[in-house]
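Each remark here refers to the structure printed beneath this line.
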Amino acid sequence: MDPRAEPFLLKSPAELPSVLVRAMGRALRHGDMRLVEVEAGLAVALASEQPWLRAVAEMFLVSLYHRAEFGRKSVRNPFPGLLSDPLTESEDEAPASRRKAPVTTEESDARARALVAKLPTGRFRRLEAVNLRPTLYRGAAVARVFLEHALAALPGDPRASADWAELAELAVGHSGNGLPRGEGFAELQALSYRAELYKANAQRVLGNLVEAEKLLTGAIVGARTTTIKDLRFWAESKAFRTSLRRDQRRFEEAIREAVLASALWRHLQDERWQVVQLYQLASIHEQVGDHPSALATFREALAARMAVPDDRLRVGLRHGEVICAARVGRPGEALRLFEALLPEYDRHPEHRARQHWALGLIRAGLGDGSAAEAAFRASRDAFLADGAAYDAALVTLDWTLLLLDENRADEVLPLAVSMGQAFESLGIARETLAAWNVFSTAAAQRELTRRAAEQLGREIATGGRGAAG
């Protein structure tokens with residue numbers, strides 16, 4: 018942790034209000050704190066159990082980026098006279114060209130979607146069509162539709178996502194000489210930076226983390242320098258940075274960015290993005306082994322998503338709730354949730370391996386060792402058949418813990434050896450394979466402990482697997 022963030026190392030939750038006040042005072046009156054430190058304090062407050070404190074922190078976060086959602090009435094600064102950072106320029110001090118951005122109507126959005134729908138398929142044909150009719154495929158509405166396509170292409174086709182983001186840059190008139198100035202300039206500028214975010218996220222999904230970091234940082238620094246006030250840009254920047262930090266195994270930062278992004282999406286009343294963000298936050302908590310926080314976050318997302326008709330998202334959230342309930346020692350509750358989810362599992366056979374895994378954890382918690390072992394075996398075999406080596410490893414470690422708890426340590430070695438052979442054939446990372454070999458050696462020497470098996474599970478979960486989303 019950055020030593021300058023020391024004010025946020027709390028001794029008790031009762032210190033939260035005073036910490037927040039100190040952060041605001043130091044940052045805004047004296048300017049001796051960096052933005053990342055202020056956000057660290059806000060993340061602490063947003064994760065508290067005190068609703069009033071969360072509300073204050075959310076409003077302060079919004080005012081920090083000073084929402085001016087283009088085409089709609091902006092939110093006034095709730096801390097007048099305090100915000101002097103370039104990011105938080107007063108609306109009354111902003112140039113008229115940014116205060117009077119044109120209203121985007123449903124009609125113009127519909128026309129833009131119809132226009133984009135007529136484009137040919139294929140990257141080069143689409144690019145050619147846009148360049149041949151530069152006047153037609155220009156403007157904020159068209160750019161927003163291009164960004165919708167960029168988002169829809171992820172995570173399955175990151176190259177197509179980057180291509181759509183490039184078209185969005187063309188739509189706003191971006192060139193080496195900058196953007197054309199005039200009415201609506203601020204909105205076009207924000208859309209240009211949003212396109213950069215999407216290009217950065219596409220590089221992340223492709224595995225090019227260094228290039229993704231470069232593009233993402235460039236977009237954020239540029240937006241700060243030019244005082245971009247579109248809250249959607251800042252929410253997306255934090256959502257994409259959450260994913261990047263997770264892929265970089267910088268989990269503490271990823272959690273902080275996810276908490277801040279969720280608050281921004283909540284303020285924007287974009288429930289689907291908020292739920293997706295909570296889902297990601299819960300998954301990170303689960304990945305680092307903080308199952309109580311993961312369970313609470315999964316349930317927060319489930320409570321919010323009732324208005325979001327996304328079947329795949331709902332199944333993922335409910336499955337996460339089952340897994341975490343089992344892991345925090347509530348097998349009876351997990352079983353009830355699991356049985357209620359069975360119809361969803363039947364409609365989504367792609368979750369079969371995870372369904373068996375959840376059942377294994379539940380049966381182990383209920384003391385039904387034979388049923389748990391059968392479920393773990395079915396889950397491991399399904400993961401291996403799909404080439405999901407890391408998930409297979411984690412299931413095998415849960416199976417190992419069951420064997421150790423039942424004083425069947427002699428059965429761990431053949432299991433470990435068979436998994437090591439499978440990992441070699443699947444091309445698992447050398448570091449993970451080496452750790453597994455140490456695990457196998459300990460099993461052979463009858464020196465394997467439950468603590469060692471749990472530690473290997475944490476190492477694989479946080480160091481071996483890529484992150485999606």
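FYI, in the working numbering the residues of the sequence shown are 18 to 486. Don't be surprised by glycine CBs; every beta carbon is placed ideally from N, CA and C. None of the values given here were measured: they were computed from a predicted structure.
Within the same chain, Val-162 come within 6 angstroms of Val-133 by CB-CB distance, once the 5 residues on both sides are set aside. Leu-376 is positioned such that its CB atom lies closer than 8 angstroms to that of Phe-355. Counting only the Cα atoms, Thr-242 lies some 26 angstroms from Val-159. A direct Cα-to-Cα measurement between Gly-235 and Ala-229 gives close to 10 angstroms. The alpha-carbon separation between Pro-68 and Asp-327 amounts to approximately 28 angstroms.
Residue state for Tyr-154 is assigned as coil, using DSSP reduced to three classes. Closest by C-alpha distance to Leu-419, out of Gly-382, Val-73, Tyr-407, Ala-313, is Gly-382.
The Cβ atoms of Asp-264 and Leu-312 lie no closer than 8 angstroms to each other. In the structure shown, Asn-148 adopts helical secondary structure according to DSSP, grouped into three states. Fully enclosed alpha helix (DSSP H) runs of no fewer than 4 residues occupy 248-264 of the region 246-274, in order along the chain.
By the neighbour-count criterion, in which 16 or more other beta carbons inside 10 Å mark a residue as buried, Thr-259 falls on the buried side.
Counting along the chain, Ala-388 sits inside the alpha helix (DSSP H) bounded by residues 386-402. In the DSSP assignment, Asn-218 falls within the unbroken alpha helix (DSSP H) covering 202-222. Taking Asp-174 as the centre and dropping the five residues before and after it, the same chain places no C-beta closer than 6 angstroms to its C-beta. Under the three-state reduction of DSSP, His-365 is assigned to coil, being neither helix nor strand. The shortest CA-to-CA distance from Lys-246 to any of Ser-279, Phe-268, Arg-211 is the one to Arg-211. The DSSP-derived three-state label of Arg-329 is helix. A straight line joining the alpha-carbon of Asp-403 with that of Ala-280 spans about 36 angstroms. In this structure, Arg-329 is the residue among Gly-58, Ala-177, Asp-385, Arg-329 with its C-alpha nearest to the C-alpha of Glu-361.
Short of 7 angstroms from the beta carbon of His-308, and not among the five residues preceding or following it, lie these beta carbons of its own chain, in chain order: Cys-341, Arg-344, Val-345.
Under a 10 Å Cβ-count criterion, Gln-372 is classified as buried, with 16 or more other Cβ atoms of the shown protein chains found around its own Cβ. A residue is called buried when at least 16 other Cβ atoms come within 10 angstroms of its Cβ; Asp-427 does not meet this threshold and is exposed.
Burial is judged here by how many other beta carbons sit within 10 angstroms of a residue's own beta carbon; Gln-294 has at least 16 and is buried. When C-alpha distances from Leu-298 are compared across Arg-273, Ala-370, Ser-435, Ala-321, the shortest belongs to Arg-273. Taking all protein chains in view, the Cβ of Ala-127 is surrounded by fewer than 16 other Cβ atoms within 10 Å, so the residue is classified as exposed. Note on Thr-413: 16 or more other CB atoms within 10 angstroms of its CB, so buried under the neighbour-count rule.
Of the other Cβ atoms in all chains shown, fewer than 16 fall within 10 Å of the Cβ of Glu-367; this residue is therefore exposed. When the beta-carbon positions are compared, His-365 and Val-339 stay at least 8 angstroms from each other. Going by DSSP, Pro-68 is part of the alpha helix (DSSP H) stretching over 68-82.
Taking 8 angstroms as the cut-off, the beta carbon of Pro-137 is found closer than this to the beta carbon of Ala-146.
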